[in-house]
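Engineer: Numbering (the numbering used here), first residue to last: 1 to 432. Every residue gets a Cβ at the ideal spot worked out from N, C-alpha and C, and that includes glycine. Remember, predicted model here, so these are calculated numbers, not experimental data. Please find one structure pasted underneath; my questions will follow.
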């Protein structure tokens, strides 16, 4: 009986010990699980801390950019306010001193004060515009807020006639201001390089010849829209009649300045008097409507491109007046460059360089893409072919034998240059 009791007690102790061991194992497993969970929580906390730190840095950077932008706007507003205050003080001062000076003296002083105020405003405005363009012209697209600022700067610095010519038109569009920023980055270094090498005299008008593959299309534009202000562009000369193509001989004559009313000629279907009544095709500063002239970049085969680079160098050496810009180089991000954008970009750069330019264009003025909307059909009985829709200068018939303007040489160019003319003709008449 005693042995049975001892045996039962032994089994109870072993069972209790087994339960104790099981509990300890469960406790160890729970401890291990908790430790593993603690490590995961710690890792997540570190990741969260890193993310918060990164977001704080980005937020600080964005806040700083917004602060810089606000400071820039504040400085511009302060400058305008200071100029307005100076103007008002000048008017009050002029009224107070009116009885002490004669009418003629007062008029002279007033004109000087107005000129001084205007020059001060122009300097501030152009400095802001210059910084803005330099900061944005390298990008492909400008954010809408910056586009509004660029539009405001251009409208404040331009002539009233230019502003009214684009307001409410198809030109008053974000694409215009994006294109202008890119054109400015293309044109300004070329003009700066000329200033650095040639150091023209103050007040001297510099000739700028632009040779490119181009044509005409819609929309119709006012001539005045090509003149951003009244000081920087003396004239814009297109030479070629509307609806005509350009031959390499004539292009060479435009670049060298040798072309004239007496040595031009025309090839192709032509039944009109071949003597021009006006020379050259000079754009007036008025609201006369003309087609949109657009230059396009051509990407020929590699061998042809090498030949064109050689021709580029030759034309630069042959140019006897000012600056020659042959072609749209592959290094730019410009696929198309409207004439109106080119002219405004030159004018803006001209203000910054204090220089006036005479622009010469060597390009075809033939319809692009067989553009039917740019043509007007004859209303006169004896006319058969349509013409380019244009109120200015001279437009010629568009037939299956396109008219090409060429040039007769008094003295032939060097053989090295003349052998490149077929390449130049291929470039100028490259299909759209």
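Between which two residues does the alpha helix (DSSP H) holding residue 348 run?
Structural biologist: Locating residue 348 in the chain shown gives position 348, counting from the first residue. That run of the alpha helix (DSSP H) goes 339-353.
Engineer: Using only the alpha-carbon positions, how far apart do residue 162 and residue 202 sit?
Structural biologist: Stepping through the chain shown from its first residue, residue 162 is reached at position 162. Stepping through the chain shown from its first residue, residue 202 is reached at position 202. Cα to Cα, the separation comes out at about 26 angstroms.
Engineer: Return yes when the Cβ of residue 209 is within less than 8 angstroms of the Cβ of residue 325, no when it is not.
Structural biologist: Within the chain shown, numbered from 1, the residue matching residue 325 stands at position 325. Within the chain shown, numbered from 1, the residue matching residue 209 stands at position 209. Going by C-beta atoms, residue 325 is nearer than 8 angstroms to residue 209.
Engineer: At what residue ranges does the region 371-429 contain a whole run of the beta strand (DSSP E), taking only runs of 3 or more?
Structural biologist: Fully enclosed beta strand (DSSP E) runs of 3 or longer: 404-407.
Engineer: Residue 247 and residue 296 - do their beta-carbons sit closer together than 8 angstroms?
Structural biologist: Taking the chain shown and counting its residues from 1, the one referred to as residue 296 is at position 296. Taking the chain shown and counting its residues from 1, the one referred to as residue 247 is at position 247. Not closer than 8 angstroms, so no.
Engineer: With a CB to CB cut of under 8 angstroms and the five nearest residues on each side skipped, what residues in its chain are close to residue 159?
Structural biologist: The count along the chain shown starts at 1 and reaches residue 159 at position 159. These residues qualify, in order along the chain: 227, 228, 229 and 230.
Engineer: Can you tell me whether residue 258 is helix, strand or coil according to DSSP?
Structural biologist: Looking up residue 258 in the chain shown gives position 258. Coil at residue 258, not helix or strand.
Engineer: Residue 286 and residue 235: beta carbons closer than 8 angstroms?
Structural biologist: Position 286 of the chain shown, counted from the start, is the residue given in the question as residue 286. Position 235 of the chain shown, counted from the start, is the residue given in the question as residue 235. Not closer than 8 angstroms, so no.
Engineer: Using C-beta distances below 7 angstroms, list every residue in its chain close to residue 12, excluding the 5 sequence neighbours before and after it, in chain order.
Structural biologist: Against the chain shown, residue 12 aligns to sequence position 12. Same-chain partners within the cutoff: there are none.
Engineer: Secondary structure at residue 213, three-state DSSP: helix, strand or coil?
Structural biologist: Here the question's residue 213 lines up with position 213 in the chain shown. Of the three classes helix, strand and coil, the one that applies to residue 213 here is coil, per DSSP.
Engineer: Which same chain residues end up closer than 6 angstroms to residue 361 when comparing Cβ atoms and leaving out the 5 residues on each side of it in sequence?
Structural biologist: Residue numbering aside, residue 361 sits at position 361 when the chain shown is read from its first letter. Closer than 6 angstroms at the Cβ level, and outside the excluded window around residue 361, lie 210 and 238.
Engineer: How long is the line joining the alpha carbons of residue 433 and residue 337, rounded to whole angstroms?
Structural biologist: No answer is possible for residue 433: the residues shown for the chain start at 1 and end at 432.
Engineer: Which residue wins for smallest C-alpha separation from residue 323, given the options 356, 310 and 291?
Structural biologist: Sequence index remark: in the chain shown, residue 323 carries index 323 (1-based). Answer by Cα proximity: 356.
Engineer: Relative to the C-alpha of residue 384, which candidate in 399, 254, 417 and 165 has its C-alpha closest?
Structural biologist: As a working note, residue 384 is residue 384 in the chain shown. Of the candidates 399, 254, 417 and 165, the one whose C-alpha sits nearest the C-alpha of residue 384 is 399.
Engineer: In the DSSP assignment, find the alpha helix (DSSP H) that holds residue 283 and state where it starts and stops.
Structural biologist: Position 283 of the chain shown holds residue 283. No alpha helix (DSSP H) holds residue 283; DSSP gives it neither H nor E.
Engineer: For the alpha helix (DSSP H) that contains residue 291, what are its first and last residues?
Structural biologist: Within the chain shown, the letter at position 291 stands for residue 291. It is not in any alpha helix (DSSP H) - residue 291 instead sits in the beta strand (DSSP E) that spans 289-296.
Engineer: Provide the residue span of the beta strand (DSSP E) that contains residue 326, from first to last.
Structural biologist: Position 326 of the chain shown, counted from the start, is the residue given in the question as residue 326. Unbroken beta strand (DSSP E) run through residue 326: 323-326.
Engineer: Report the rounded CA-to-CA distance for residue 220 versus residue 413, giving the unit in angstroms.
Structural biologist: As a first step, residue 220 is located in the chain shown; it is residue number 220 there, counting from the start. As a first step, residue 413 is located in the chain shown; it is residue number 413 there, counting from the start. Spanning the two alpha carbons is a distance of roughly 38 angstroms.
Engineer: Starting from residue 359, follow the alpha helix (DSSP H) in both directions and report where the run begins and ends.
Structural biologist: Position 359 of the chain shown holds residue 359. No alpha helix (DSSP H) contains residue 359, which is instead part of the beta strand (DSSP E) from 356-362.
Engineer: Below 7 angstroms CB to CB, which residues in the same chain sit around residue 214 once its five sequence neighbours on both sides are set aside?
Structural biologist: Translated into the one-based positions of the chain shown, residue 214 becomes position 214. Closer than 7 angstroms at Cβ, skipping near neighbours: 293, 294, 295, 296, 363 and 364.
Engineer: Using only CA atoms, which one of 154, 42, 411 and 23 lies nearest to residue 434?
Structural biologist: This structure gives no information on residue 434, because the portion of the chain shown stretches from 1 to 432.
Engineer: Can you look up residue 190 in the DSSP assignment and give me helix, strand or coil?
Structural biologist: For the purposes of this step, residue 190 is taken as the residue at position 190 of the chain shown. Here residue 190 sits in helix by DSSP.
Engineer: Taking just the CA atoms, how far does residue 147 sit from residue 349?
Structural biologist: As a working mapping, residue 349 is identified with position 349 in the chain shown. As a working mapping, residue 147 is identified with position 147 in the chain shown. C-alpha separation (whole angstroms): 18 angstroms.
Engineer: Note down the Cα distance separating residue 207 from residue 56, rounded to an integer number of angstroms.
Structural biologist: Translated into positions along the chain shown, residue 207 becomes position 207. Translated into positions along the chain shown, residue 56 becomes position 56. Using only the alpha carbons, I get a separation of about 54 angstroms.
Engineer: Which two residues bound the contiguous beta strand (DSSP E) that contains residue 234?
Structural biologist: Here residue 234 refers to the residue found at position 234 of the chain shown. Looking at the DSSP string, the run of the beta strand (DSSP E) that includes residue 234 is 233-237.
Engineer: What does a CB cutoff of less than 6 angstroms around residue 242 pick up in its chain, not counting 5 residues either side in sequence?
Structural biologist: Numbered from its first residue, the chain shown carries residue 242 at position 242. If we look at residue 242 and ignore the five residues flanking it on each side, its Cβ neighbours are 365, 388, 390 and 395.
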